[in-house]
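Participant: Residue numbers (the working numbering): 721 to 852.
A virtual CB, placed ideally from N, CA and C, is assigned to each residue, including glycine.
Here it is: the structure, laid out below.
And the structure:
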């Protein structure tokens with residue numbers, strides 16, 4: 721198609737060669753091939769990967785949510801970080817530290833994931849009053 725619409729021969733070669741459909745003759749062809757490989761390796765770039773990626777995020781949140789005192793969980797940063805919101809009345813500061821360790825240990829034992837996952841437990845007390 722690129723040839724039909726009279727694209728530059730280097731562009732035509734880069735398009736055809738990036739999946740090894742033709743011999744690389746243009747200098748830019750291997751660069752385009754590397755870029756395609758990098759782009760394709762992103763989480764969610766391919767359909768199958770997207771489904772397993774979403775499943776992994778849900779599993780992360782469910783794993784942390786099973787612990788006592790956990791109110792909410794959020795997998796963020798493409799699953800490289802897990803934020804865990806706990807009930808300040810039922811979870812002490814000391815317990816929050818223990819909880820982050822326990823959650824990280826459970827994730828290590830039960831899940832397969834690339835790289836590392838940062839587990840942050842947030843214990844927050846809010847007091848609200850209104851002036852009339």
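#1: Near residue 730, which residues of its chain fall below 7 Å by C-beta distance, leaving aside the five closest residues on each side in sequence?
#2: Once you ignore the five residues that flank residue 789 on each side, which residues in its own chain have a CB closer than 6 Å to its CB?
#3: Locate the beta strand (DSSP E) running through residue 723, then write down its first and last residues.
#4: Taking the C-alpha atoms as reference points, what is the distance between residue 733 and residue 799?
#5: From the DSSP secondary-structure annotation, give me the bridge partner or partners of residue 793.
#6: Below 9 Å between beta carbons: does that hold for residue 823 and residue 848?
#7: Grab me the residues of residue 785's own chain with a C-beta within less than 7 Å of its C-beta, minus the 5 sequence neighbours each way, in chain order.
#8: Could you give the distance in angstroms between the alpha-carbon of residue 813 and the alpha-carbon of residue 843?
#9: Can you pull the DSSP bridge partners for residue 840?
#10: Alpha carbons only, please: which of 757, 777 and 851 is nearest the one belonging to residue 831?
#11: Grouping DSSP H, G and I as helix and E and B as strand, with all else coil, what is residue 835?
#12: If you draw a straight line from the C-alpha of residue 761 to the C-alpha of residue 769, how long is it?
Facilitator: In short, the structure shows the following:
#1: 746 and 748
#2: 806, 807, 810 and 811
#3: No beta strand (DSSP E) holds residue 723; DSSP gives it neither H nor E.
#4: 37 Å
#5: 804
#6: no
#7: 793
#8: 7 Å
#9: 803
#10: 777
#11: coil
#12: 9 Å
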